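The next block holds one structure in the form of structure tokens; read it before the comments.
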Amino acid sequence: MYKAKIYVTLKEGVLDPQGQAVRAGLISQGFAAVEEVRIGKFMEVVVATHSATEAQHLVREMCERLLANPVIEDYTFVLVEVV
Amino acid sequence: MRFGVVVFPGSNCDADCHHAVGTVFAQEAEYVWHEEKDLSRFDCIILPGGFSYGDYLRAGALARFSPVMGAVVEEAGRGKLVLGICNGWQILLEAGLLPGAMLKNNHLQFRCETRHVRLENSNTPFTCTGHEGQVLSLPIAHAEGNYYIDQVGLKDLEAQRQIVFRYVDSRGRVSKEANPNGSLGGIAGIINKAGNVLGMMPHPERATEEILGGTDGRLIFSSILQWWGGQ
Numbered sequence: 019m020y021k022a023k024i025y026v027t028l029k030e031g032v033l034d035p036q037g038q039a040v041r042a043g044l045i046s047q048g049f050a051a052v053e054e055v056r057i058g059k060f061m062e063v064v065v066a067t068h069s070a071t072e073a074q075h076l077v078r079e080m081c082e083r084l085l086a087n088p089v090i091e092d093y094t095f096v097l098v099e100v101v
Numbered sequence: 257m258r259f260g261v262v263v264f265p266g267s268n269c270d271a272d273c274h275h276a277v278g279t280v281f282a283q284e285a286e287y288v289w290h291e292e293k294d295l296s297r298f299d300c301i302i303l304p305g306g307f308s309y310g311d312y313l314r315a316g317a318l319a320r321f322s323p324v325m326g327a328v329v330e331e332a333g334r335g336k337l338v339l340g341i342c343n344g345w346q347i348l349l350e351a352g353l354l355p356g357a358m359l360k361n362n363h364l365q366f367r368c369e370t371r372h373v374r375l376e377n378s379n380t381p382f383t384c385t386g387h388e389g390q391v392l393s394l395p396i397a398h399a400e401g402n403y404y405i406d407q408v409g410l411k412d413l414e415a416q417r418q419i420v421f422r423y424v425d426s427r428g429r430v431s432k433e434a435n436p437n438g439s440l441g442g443i444a445g446i447i448n449k450a451g452n453v454l455g456m457m458p459h460p461e462r463a464t465e466e467i468l469g470g471t472d473g474r475l476i477f478s479s480i481l482q483w484w485g486g487q
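Protein chains in written order, with the numbering used here: chain A, 19 to 101; chain B, 257 to 487.
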């Protein structure tokens, strides 16, 4: 089996109101060096296959169709073999 | 006219929509559970507001894979009218029936209040009884109405006159203050190129009787009836 660790992030240039609010929070906590905060999503999907190629293909398809919205989001993932 | 009001798990404006078309406008109205696959008996399909599937992942992201959405796409292709209100618009965006996407409101608050919107295009089945520049007072209630589309898409929307409503002040002017969610260009509603699928954040069904505090929402439903009657 493979576990996909998937990161979905807002595309560059897309406003991130949550990130801005958290940035303001960090700065008010004294972290004056904070330049920017962008908030995304992290997901883990376990795929029942022994083929890394197939897992790669399936997870990409999942990201394209549901897990990320291509209008506003990008995605990346890494696969880890699990036993 | 026969109206179908789709009910997803988590819809919460379905009864309001059913009341507006079925009682206030005295048309045939029927609730349609999201597992239905045939909507051919309807002339107009309404996707109501709410929090379909708890808005998990993204608002509308899971609802678009409901069995009923295949039928909505099919009927839209046949020229039937499809009206997505609030969460209904979010679902239409996720389904690709309308372009763009929704972001969280720029101030991160859920806004439930009455807002002014300006009619930008009265040459649609949903607005044909109004006139361009007309200002309507309509309720909004959402946390993700911050409409986004890239610059190419925005130019296309403008060129094809697909922007139907914009948030404005009481005098009909677009401004930062008049925009309740940060939506690009104050966009509050858009239509598809074919002109039969409309998505809007404000709730016309909540403004169809004086007792509700306003009747400006009637324009959308009376337009639908007039336009369909003329077909």
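Just so it is clear, CB atoms sit at the ideal spot from N, CA and C, and this is done for glycine as well. A quick note: this is a predicted structure, and the numbers were derived from the prediction, not measured.
Neighbouring residues, chain A, relative to residue i (Cβ below 8 Å)
i	result
G356 of chain B	V89
K360 of chain B	P35, Q36
Selection from the options that minimises the alpha carbon distance to residue i
i	options	result
V329 of chain B	B:R314, B:I302, B:G470, B:D425	B:I302
H290 of chain B	B:R371, B:V262, B:N402	B:V262
A227 of chain B	B:P381, B:P436, B:E369, B:E376	With chain B represented from 257 up to 487, any question about residue 227 of chain B goes unanswered, as that position is not in the structure.
P323 of chain B	B:R334, B:L392, B:L295, B:R417	B:L295
K411 of chain B	B:I443, B:V391, B:S393, B:K336	B:I443
I476 of chain B	B:G266, B:C269, B:P265, B:F281	B:F281
K59 of chain A	A:Y25, A:E30, A:E53, A:Q38	A:Y25
R258 of chain B	B:G445, B:V277, B:E284	B:E284
M61 of chain A	A:V101, A:M19, A:V100, A:T94	A:T94
A39 of chain A	B:G335, B:N362, B:A357	B:N362
V96 of chain A	A:P88, A:G48, A:V65	A:V65
Proximal chain B residues relative to residue i, where beta-carbon distance stays under 8 Å
i	result
L76 of chain A	In chain order: nothing, as chain B lies at least about 17 Å away.
In DSSP terms, what residue i is bridged to
i	result
S393 of chain B	B:H372
V277 of chain B	In the DSSP output, where bridge partners are listed per residue, V277 of chain B has none listed.
W289 of chain B	B:V263
K23 of chain A	A:E62, A:V96
I341 of chain B	B:M456
Listed by chain order, chain A residues near residue i by CB distance under 9 Å
i	result
Y404 of chain B	V32, L33, V89, I90
Residue i: contacting residues in chain B (beta-carbon distance under 9 Å)
i	result
L97 of chain A	Per Cβ cutoff of 9 Å: no residues; L97 of chain A is ~21 Å from chain B at best.
Inter-residue CB distance, residue i and residue j (contact presumed, cutoff 8 Å)
i	j	result
S308 of chain B	I347 of chain B	7 Å
P355 of chain B	I405 of chain B	6 Å
F366 of chain B	A399 of chain B	4 Å
K29 of chain A	E91 of chain A	6 Å
C300 of chain B	K336 of chain B	7 Å
G344 of chain B	P381 of chain B	About 16 Å; that fails the 8 Å criterion.
Positions along the segment 362-394 of chain B whose CB lies within less than 8 Å of some CB in chain A: N362, H363, L364
Using a beta-carbon distance cut-off of less than 7 Å, what residues from the segment 32-66 of chain A approach chain B? V32, L33, P35, Q36, A39
What residues in the segment 315-335 of chain B bring their beta carbon closer than 7 Å to a beta carbon of chain A? A317
Give me the subset of the segment 419-450 of chain B whose CB atoms are less than 8 Å from a CB atom of chain A, sorted by chain position. G438
The segment 334-352 of chain B: which residues have C-beta closer than 9 Å to a C-beta of chain A, in chain order? L349, E350
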